Every structure is written in structure tokens, then in C-alpha cells.
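These notes are about the structure you will find just below.
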Amino acid sequence: MKRYSLIIFLFAIIFASGCKKDFLNSQPLDRFSDEDVYKDSTLTGLFLNNLYAGIPTEFAGSMRDAFSDQLYSSGNVSIYQNTFAASTAPFGITGAYNTAYINIRRCNILIANIDRVPASAKFKNQTRDEARFLRALNYSYLINYFGAVPLITKAQDLDENLNVPRNSYEEIANFIVAEMDDINKGQFLAYKYAGANIGRITIGAALALKSRVLLYAASYNNNWQAAYNAAKDVIDITAKAGYGLYPNYEAMFYEANDNNVEVILDHQYKSNFQAYHVHHYNLPWGIVPPGPSALNQPTQNIVNEYEMSNGKMIGESGSGYDLNKPYENRDPRFYASILYDGSTWLGKTLNFLPGSNYNPSSAPLATGYALKKMQDPAFDPMVTTKSYGGGQNYILIRYAEILLNFAEAAYRIGQTEDARIYVNKVRKRPSVNMPDILPGEITLEKIMHERNIELAFEGTRLWDIRRWKMGPQLLGTPIKGITITQSGTNPRQYTEKTVLQRTFTDRLYLFPIYQAEVEKNPALLPNNPGW
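Structure, rendered in C-alpha cells:
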């Protein structure tokens with residue numbers, strides 16, 4: 001273990017270089033051993049800062065929502081057709097498992113050694129709780145992907161038995177909740193930070209993670225009261241933490257609006273080192289230089305879910321939907337999230353007719369759409385010196401999610417008016433201002449719909465579909481797109497098409513523990529059902 005931190009700090013040097021986030025800016029000047037790290041609180045702080053680099057975001061290139069009905073990815077199609085096997089699990093799945101345990105080990109090392117540091121009790125307690133949160137966050141991702149996994153809470157030595165069996169989903173969820181409760185009880189973290197410490201883990205982040213974990217767990221154990229209470233705990237600290245709905249839904253994700261009032265937890269990014277490449281990988285050809293483009297494309301499935309501006313679904317009587325003008329008068333979140341034929345970006349009108357500059361045969365838009373959400377118009381890939389994207393943070397949990405957590409849990413325990421009120425709070429964001437759901441009209445389906453639209457492309461859809469047990473309806477149906485045609489000067493025609501056929505079996509409610517990992521640790525068997 002003596003040289004383990006050497007590897008970490010070599011990585012930290014790379015990570016910190018060019019970093020725009022103040023509390024991540026410092027970097028070590030040379031190589032350090034474990035003994036060095038715990039003799040100097042500055043180096044200990046650098047160790048902690050490096051743990052923030054391990055905050056999970058998306059799979060490399062392809063986004064997690066490409067597993068759902070929201071996005072089509074032109075990447076590893078076997079993943080999205082649900083045809084992979086445990087022995088050949090693609091990188092996105094294997095990487096999610098490996099990376100989480102690397103991060104967990106680093107957290108365990110810091111937690112085990114923090115009392116050796118010659119520093120104040122305040123420094124030690126805050127550092128310990130930040131590491132505990134980051135460890136719990138990684139475990140939350142693991143159970144969402146894989147269900148039962150080993151719960152390891154200490155740094156393992158090579159001479160001990162490393163064949164640790166899996167703990168149940170419930171055991172790990174309970175561990176996360178207990179850790180977050182203890183962090184909240186200790187109050188060693190702040191409700192909000194200023195200046196160089198903006199971006200650090202807060203009490204609100206701990207309560208928000210607890211809210212998410214208990215909401216997801218309630219889908220299996222029916223403890224909706226606990227989920228309700230946890231979401232309410234976050235809402236109750238709104239004044240202390242400064243949380244609220246950011247007025248502009250689209251601009252919430254711009255770099256200029258980093259750390260806005262809606263952000264509870266995010267990944268603080270550097271301007272020149274983008275881990276999720278949202279601009280370069282997701283904008284269409286002609287907007288980005290030659291290379292990856294439109295890797296994650298919104299589907300017709302999600303487009304059809306955006307209401308008309310009058311609050312009606314497109315198939316409802318009186319909606320005003322026009323097949324020849326399918327993009328008129330839609331929920332404002334549609335225009336903030338999706339680039340479509342005739343939309344504009346960076347002053348350019350986007351022509352998505354097949355063979356056009358923005359939809360060439362060499363880089364086609366399979367669905368007929370490109371991703372706009374999380375794109376920053378201050379960043380022009382064609383003129384910037386940045387290789388992959390702007391520097392905006394990647395939001396992991398925001399206040400709107402908590403309001404929707406509360407609404408769903410409230411509905412499930414019979415507090416339907418609470419549910420309606422809190423869904424309407426999300427719908428009445430100034431830049432959205434969708435019609436209220438009226439008294440007596442709230443349903444679970446409407447709450448699910450609101451999560452789909454409000455949180456679109458933010459990485460929660462797959463987890464929602466799994467916990468709702470709606471795989472056959474939403475993951476086993478074709479991915480749809482649009483065919484755009486035009487004859488002469490006649491209006492363009494938009495016809496739905498199937499882009500990708502998919503099948504669903506119950507085993508897909510969890511990913512497998514992939515074969516190479518099982519061979520290293522046979523105690524992981526049996527694998528998840530069906531694998």
C-alpha cells in the first residue's frame with residue numbers, strides 16, 4: 001500500500017493541471033509516499049480533492065440514457081439491443097464496476113488514515129465525512145447497476161482474503177442511508193460553501209443522496225413513508241442551503257450558471273479536460289469539426305412524450321398537434337433539450353434532410369434529432385481551442401429531482417394533493433410555465449411522465465424504468481426516429497420509423513457481474529438472475 005498513493009498523486013497532477021475549480025487547483029510538486037501524505041494536511045487535502053475526480057458521471061462517450069427509451073447511441077449497439085453476455089460485457093458496464101471499486105478503495109484509505117494527520121479536529125471531521133459521502137455515492141451507482149455487490153468499508157491488504165461475497169441491495173442501501181444520517185447528525189459539512197470551496201460536498205448533498213436511495217429502495221420494499229420523509233428533509237433545509245428552481249431551464253446547464261441555486265451535487269469540471277465530451281460527441285455534423293458527432297441522439301419515443309403547450313399530449317383530443325408541423329407549440333423543455341429539423345443553433349438553421357450539411361450520409365442522424373440539453377452556446381466547437389467541450393459542471397442531483405421524489409412518494413402514501421402541488425412547482429418554472437395539473441387529476445402516470453420530461457438525458461431514466469418494472473413496455477420496444485422527406489417545394493413530411501429493434505427479458509433489470517471479475521472473485525457467484 002505504500003506506493004498506492006504515488007499512483008493516485010501522479011493522477012492528481014494530471015487532473016489538477018489547467019483546472020478551473022479553485023479547491024481542485026493545487027497540485028503536488030513531486031512524488032509522495034503514504035507517510036508524506038499523512039504528515040502534511042495540505043497533501044491530505046490533495047488526496048481528498050483527487051477523490052472528487054472519481055465522482056461517477058456517464059459511460060465513456062455513450063450516455064446512460066441510451067439504455068433507455070430516451071436516446072439512441074451509435075456506439076456499442078450490442079449494449080442497447082440488449083444482446084451482450086456476461087462474458088463479453090462491454091466497456092461501459094465493466095468500467096462502471098471497476099471504477100467504482102477503485103474510488104471506494106481510495107475513500108477507504110483516506111478514512112482509515114485521517115486521524116494520523118496533524119490537523120484540527122474540524123479538518124479531520126470534514127475530510128472524513130466528504131470521503132464517506134463519496135464512498136456512499138459510488139455504492140449507490142453500483143446497486144443501481146448491479147444490485148447486490150460486496151460492501152467493503154476498509155482498505156484491503158494484499159495478504160488478506162480478497163474474495164468478498166456480495167451484500168444484498170437492501171444491506172447496501174441501508175449502509176448508505178446510515179452514513180448520510182450520521183453525516184447530517186455530525187454537521188461537520190456546511191449547508192453551502194463560498195469562494196474557493198464551492199463544489200464541496202454539503203449537508204444538502206448527503207440528504208439528497210439519501211432521498212434518491214430511499215425512493216429507489218421503496219420501489220422494492222414499499223417503504224414510501226421513508227422516501228417521503230427523506231425528500232421532505234431536503235425541502236426543509238431550502239432556506240439554509242439556498243436551494244430553489246433556477247428560472248431558466250435551458251440556461252441552468254451553461255457554464256456561466258455553474259453552481260446555481262438548483263444544483264445540489266455536481267461534478268466540477270475543468271475547461272480543457274472533459275470527461276463526458278457533451279459538445280463534441282453530441283452535436284451534429286457541421287456544428288463540430290470532423291470526428292465524433294451526434295453519438296447520443298434523442299428518440300422519437302421521447303419527442304412524442306413532450307406535451308403541447310396547452311398541457312395536452314399530442315394524441316389527445318384538442319391538443320392542436322399537426323403532423324405537418326410536429327414541432328410547433330410544444331412544452332418549452334422540448335426546445336431547450338432537442339435539436340430538430342428547422343431549429344437553430346449558434347445562429348445556424350439546422351437542415352436535417354438526409355444528405356444535408358447537418359445530416360450527411362457519412363454521419364447520419366439515425367433518429368433525425370440531436371441533443372441540445374447541456375450544450376452551452378458560449379462554446380463553438382468550430383472555433384474553440386478546447387478539444388472536446390466547454391467547462392460547465394455536470395449536474396448529478398438538482399432540486400427539481402427532489403421535488404419529484406417528494407411528489408412520487410407523497411402519491412404512494414395517499415398524499416395526492418402534496419403530489420400535485422409539487423409536480424406543479426416543477427411545471428411552473430418561469431421559463432417552462434406549463435399548465436397546472438388540476439385538483440383530482442394527478443396520477444402516478446403523470447408523475448412518471450414529469451420525471452421523464454424534466455430529467456430527460458440526465459441519467460436517471462434507466463434507473464426509473466427498472467425500479468418501476470416497466471422494462472417490457474419501455475426497454476423491449478423499438479427505438480423510433482423520424483424520416484424527413486421533401487418533394488420539390490412542397491412542405492416536408494415527417495414519418496416515424498424504427499431505428500433499432502430491442503427485446504427485453506427480466507434479467508435486464510440488472511447488469512451482470514462480468515465474467516473476468518467473477519474469475520478473480522468466485523465469491524461473487526451466483527451472478528444476477530438470468531446471467
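In terms of the UniProt record's numbering, the sequence shown opens at residue 1 and continues consecutively.
Glycine included, each C-beta is placed from N, C-alpha and C at the ideal position.
Quick caveat: nothing in here was measured; it's all calculated off a predicted structure.
(1) Ignore the nearest five residues each way along the sequence and tell me which others in residue 326's own chain have a CB closer than 7 Å to its CB.
(2) Please list the segments of the alpha helix (DSSP H) lying wholly inside the stretch 354-431, counting only runs of 4 or more residues, in order along the chain.
(3) Give the list of continuous alpha helix (DSSP H) stretches no shorter than 4 residues that lie fully inside the stretch 201-276.
(4) Please report the straight-line C-alpha distance between residue 359 and residue 369, rounded to a whole angstrom.
(5) The beta strand (DSSP E) with residue 154 in it runs from where to where?
(6) Below 8 Å on the Cβ atoms is my contact criterion, and I expect residue 110 with residue 46 to pass it. Report the Cβ-Cβ distance as a whole number of Å.
(7) At what residues does the alpha helix (DSSP H) containing residue 42 begin and finish?
(8) Specify, as a first and last residue, the run of the beta strand (DSSP E) that residue 337 falls within.
(9) Judging by CA-CA distance, which residue of 199, 233, 200 is the nearest neighbour of residue 214?
(10) Check the DSSP bridge columns for residue 303 and list the partner residues they point to.
(11) Check this for me: beta carbons of residue 296 and residue 72, under 9 Å apart or not?
(12) Compare the C-alpha of residue 476 against each of 509, 452, 427 and name the closest.
(13) Which same chain residues end up closer than 8 Å to residue 322 when comparing Cβ atoms and leaving out the 5 residues on each side of it in sequence?
(14) What three-state label does DSSP hand residue 463 in the structure shown?
(15) Answer yes or no: do residue 311 and residue 435 have a C-beta to C-beta separation smaller than 9 Å?
(16) For the putative contact between residue 129 and residue 186, defined by C-beta atoms under 8 Å, what is the C-beta separation to the nearest angstrom?
(17) Specify, as a first and last residue, the run of the alpha helix (DSSP H) that residue 496 falls within.
(18) I'd like the list of long-range same chain contacts for residue 205, defined as Cβ closer than 6 Å, with 5 residues on each side in sequence excluded.
(19) Just to check my reading of the structure: residue 419 and residue 372 have Cβ atoms closer than 8 Å, yes? What is that Cβ distance to the nearest angstrom?
(20) How big is the Cα-Cα spacing for residue 485 and residue 69?
(21) Tell me where the beta strand (DSSP E) around residue 71 begins and ends.
(22) Once the 5 residues before and after residue 224 are set aside, which same chain residues still bring their CB inside 6 Å of it?
(23) Just checking my contact of residue 374 with residue 253 at CB under 8 Å: how many whole Å lie between their CB atoms?
(24) Who are the Cβ neighbours of residue 30 in its own chain at under 7 Å, not counting the five residues just before and after it?
(25) Buried or exposed: where does residue 114 fall if 16 or more other Cβ atoms within 10 Å of its Cβ makes it buried?
(26) Mind the definition here: the stretch 175-183 touches the stretch 136-143 only if three or more C-beta pairs lie below 8 Å; say whether that holds.
(27) Whole angstroms is fine: what's the gap from residue 305's alpha carbon to residue 479's?
(28) Note the first and the last residue of the continuous alpha helix (DSSP H) segment covering residue 488.
(29) Distance check for residue 392 and residue 27, CA to CA, integer angstroms please.
(30) Could you tell me if residue 557 is buried or exposed, where buried requires 16 or more neighbouring beta carbons within 10 angstroms of its beta carbon?
(31) Would you call the stretch 191-207 and the stretch 448-461 touching, i.e. three or more CB-CB distances under 8 Å?
(32) Determine the DSSP secondary structure at residue 37, reduced to helix, strand or coil.
(33) Out of 320, 474, 426, which has the shortest C-alpha to C-alpha gap to residue 247?
So, from the data block:
(1) Cβ neighbours of residue 326 beyond the five flanking positions: 494.
(2) With a minimum length of 4 residues, the continuous alpha helix (DSSP H) runs that stay inside the stretch 354-431 are 399-412, 416-427.
(3) Entirely contained in the stretch 201-276, the alpha helix (DSSP H) runs reaching 4 residues are, in chain order, 203-221, 224-236, 238-241.
(4) Rounded to the nearest angstrom, the two C-alpha atoms are 10 Å apart.
(5) First-last for residue 154: undefined, no H or E at that position.
(6) Taking a contact as a CB-CB distance under 8 Å, the pair residue 110 and residue 46 does not count as one, their CB atoms being some 11 Å apart.
(7) Annotation: the continuous alpha helix (DSSP H) that includes residue 42 extends over 41-52.
(8) Run containing residue 337: none in the beta strand (DSSP E); it sits in the alpha helix (DSSP H), 332-337.
(9) Nearest neighbour of residue 214 by Cα position, chosen from 199, 233, 200, turns out to be 233.
(10) Bridge partners of residue 303: none, in fact.
(11) Yes.
(12) With distances taken between Cα atoms, residue 476 lies closest to 509.
(13) These residues qualify, in order along the chain: 328.
(14) Of the three classes helix, strand and coil, the one that applies to residue 463 here is helix, per DSSP.
(15) Yes.
(16) The pair is a contact, with the Cβ atoms about 6 Å apart (cut-off 8 Å).
(17) For residue 496, no alpha helix (DSSP H) encloses it; the enclosing beta strand (DSSP E) starts and ends at 493-500.
(18) Hits under 6 Å: 264, 265.
(19) Not a contact, Cβ separation roughly 30 Å.
(20) Going by the C-alpha atoms only, they are around 24 Å apart.
(21) From DSSP, the beta strand (DSSP E) with residue 71 extends over 71-73.
(22) Within the same chain, residue 224 has close Cβ partners 218, 409, 412, 413.
(23) Contact annotation, residue 374 with residue 253: C-beta distance approximately 5 Å; criterion of less than 8 Å satisfied.
(24) Here the model assigns residue 30 a pLDDT of 47, short of 50, so the residue's position is not dependable, and the following value carries that caveat. Apart from sequence neighbours up to five positions away, no residue of its chain approaches residue 30 with a beta-carbon distance below 7 Å.
(25) Answer is buried; the Cβ neighbour count reaches 16.
(26) As far as the Cβ criterion goes, the stretch 175-183 touches the stretch 136-143, which means the pair count is three or higher.
(27) Rounded to whole angstroms, residue 305 and residue 479 show a C-alpha spacing of 14 Å.
(28) Here residue 488 belongs to no alpha helix (DSSP H), and DSSP marks it neither H nor E.
(29) Note that residue 27 has pLDDT 45, beneath the 50 cutoff, so the model's placement of it is unreliable and no number is given.
(30) The structure shown has nothing for residue 557, since the chain only spans 1 to 531.
(31) Here the stretch 191-207 does not lie against the stretch 448-461, with fewer than 3 beta-carbon pairs under 8 Å apart.
(32) Here residue 37 carries a helix assignment [DSSP, helix/strand/coil].
(33) When each option's Cα is compared against that of residue 247, the closest is 426.
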